[in-house]
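Undergrad: Before I ask anything, here is the structure I am working with.
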Amino acid sequence: MRSILQDFTPEFLKILNKDKIFWFDGWREYKQNKPKIIGEYEKLENLNNKKIKKYLGEIKRKDLDMFKQYWENNFLQIKKDIVMKLSRNSEYFQLKRGDFVVYITGLLGLKPLYYIETYYGTVILIDAFYHFLNNIDIRKTVENAILKFINENPVNSKKALFAKLLSQIEKYIYDNNNIDKVMEKIVKTLYENVDYYNWVGFYLTDDNDKNLLILGSYLGEPTEHIKIPFGSGICGQAASTKNTFVIQDVTKETNYLSCSDKTKSEIVVPIIDKNGNVFGELDIDSHKLEPFTVEDTQFLEEIISLFVKKFL
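Reading the sequence shown from the start, the letters are residues 13 to 324 in this note's numbering.
Given below as structure tokens:
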């Protein structure tokens, strides 16, 4: 059975390491580790800093201490029960569809669960603290939440594919220290698995000229654009502005370097190191018009984020 259940409750409970007057600081640190998920949660609850401080202030330390003790003593069994139920009924819960995941964590105790849309599928976000406060069996909530999702939503094959590929790429990045091999693996994974990614490659900033891009690892038809100055074409513009460029129809672009008559669209994601310098970029050409969605942008930017975190 694929891994669809993850527990981030211990990260939430780190706020107990602080005096209560600093719990908001603990919440912000928690959000930094899970910015997209917690950020979307705050949007769904219409939370601003003032409201977050108010809700945190209403939580009693003894309740949070008791919750921590309960979770540390019981979660392994709870997880075992959930996984066993799902694995024994994998077809019923449609685990092979791959476009959803269950995250269990501590939140502000406002509601039992939330459905959060991401580029890799729907996150079913379960508030374990809410369940503890209200004495609700979290196992049943997980089951019912999955059933509600699969009954109300058709399979999103694109998100399922991106989730699968991101997991593979993330594992390879963290298991390997050779930056060149990692770039080759990213190129190969994207090129071979996304049918409308017809040219995939890296351009890297020249060591001797910081305003010049040099072609790196790539798959697809050979290109004459071995070197691209910053500002020239879509790749050069992405490098000079440090912004992702999504071009759904290259014929409408005036500043475009044609690599092939077959190319109809292009997406370029810049690679910015921790010092704000342009290391290079990931460039993808497609033979289709308007193939890219926001999921493509988020998916590719997340790959680059993982790459930067490991190597730059």
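Beta carbons are placed, not taken as given, at the ideal position from N, Cα and C, and that holds for glycine.
Answer with buried or exposed for P22, where buried requires no fewer than 16 other C-beta atoms within 10 angstroms of its C-beta.
TA: The residue is exposed, with fewer than 16 neighbouring Cβ atoms inside 10 Å.
Undergrad: By alpha-carbon positions, which one of Y208, S99, N289, Y127 ends up nearest to E57?
TA: Closest option to E57, Cα to Cα, is Y127.
Undergrad: I need the straight-line Cα distance from I150 to I116, nearest angstrom please.
TA: Cα to Cα, the separation comes out at about 9 Å.
Undergrad: Residue range of the beta strand (DSSP E) that D139 falls in?
TA: Residues 133–139.
Undergrad: With DSSP as the reference, please indicate the residues paired to Y126 in a beta bridge.
TA: Beta-bridge pairing links Y126 to L137.
Undergrad: Between which two residues does the alpha helix (DSSP H) harbouring P298 extend?
TA: One detail in the question is off: residue 298 reads as Ser in this sequence, not Pro. Not the alpha helix (DSSP H): S298 falls in the beta strand (DSSP E), residues 290–298.
Undergrad: Taking Cβ to Cβ, would you say I50 is nearer than 8 Å to K43?
TA: For I50 and K43, yes; Cβs fall inside 8 Å.
Undergrad: Which residues does DSSP pair with G213 in a beta bridge?
TA: According to DSSP, which records beta bridges pairwise, G213 is partnered with Y230, D295.
Undergrad: Which of helix, strand or coil does DSSP assign to Q260?
TA: In this structure, Q260 counts as coil in the three-state DSSP scheme.
Undergrad: Assuming contact is defined by CB atoms lying nearer than 8 Å, are L28 and L88 in contact in what I supplied?
TA: Against a cut-off of 8 Å, the Cβ pair of L88 and L28 comes out as no contact.
Undergrad: When you compare the CB positions of V167 and D207, do they come within less than 8 Å of one another, or not?
TA: No, the pair does not count as a contact, with Cβ atoms beyond the cut-off.
Undergrad: Provide the residue span of the beta strand (DSSP E) that contains K239, from first to last.
TA: Looking at the DSSP string, the run of the beta strand (DSSP E) that includes K239 is 239–241.
Undergrad: Whole angstroms are fine: how far does the CA of Y131 sit from the CA of V306?
TA: The alpha-carbon atoms of V306 and Y131 are separated by roughly 7 Å.
Undergrad: Residues in its own chain within less than 6 Å of F24 by CB, not counting five upstream and five downstream?
TA: Correct list, in chain order: Y42, T117, G118.
Undergrad: Along the beta strand (DSSP E) that carries Q18, what are the first and last residues, could you check?
TA: Its beta strand (DSSP E) spans residues 17–19.
Undergrad: G38: buried (16+ other C-beta within 10 angstroms of its C-beta) or exposed?
TA: Looking at its Cβ environment, which holds 16 or more other Cβ atoms inside 10 Å, G38 is buried.
Undergrad: Pick from P241, G245, K91, K254: whose alpha carbon is nearest that of I16?
TA: Taking only the C-alpha atoms, the option nearest I16 is K91.
Undergrad: If I136 and F174 are in contact, beta carbons under 8 Å, what's the gap, nearest whole angstrom?
TA: That pair is no contact at about 17 Å.
Undergrad: For V199, which of helix, strand or coil comes out of DSSP?
TA: Looking at V199 - three-state DSSP - the assignment turns out to be helix.
Undergrad: Measuring only the C-alpha atoms, how far is K48 from K276?
TA: Roughly 32 Å between the two C-alpha positions.
Undergrad: Exposed or buried, which one is L159 when buried takes at least 16 other CB atoms within 10 Å?
TA: Exposed, by the Cβ-count rule.
Undergrad: Quickly, what does DSSP pair Y115 with across the bridge? List them, please.
TA: According to DSSP, Y115 bridges with Q18, L137.
Undergrad: Look at the alpha carbon of E182 and the alpha carbon of D93, and state the distance between them as a whole number of angstroms.
TA: Distance between the alpha carbons of E182 and D93 is about 28 Å.
Undergrad: Would you mind working out which of F214, L301, E278, S252 sits nearest I315, comparing C-alpha positions?
TA: Taking only the C-alpha atoms, the option nearest I315 is F214.
Undergrad: What is the residue span of the alpha helix (DSSP H) that N252 lies within?
TA: According to the sequence as given, residue 252 is Ser; it is not Asn. Where S252 is concerned, the enclosing alpha helix (DSSP H) stretches over 245–253.
Undergrad: For V262, I'd like the list of residues in its chain whose CB is within less than 7 Å of its CB, leaving aside the five on either flank, ordered along the chain.
TA: For V262, where only same-chain residues beyond five positions count, the Cβ hits under 7 Å are Y268, T275, K276, S277, E278.
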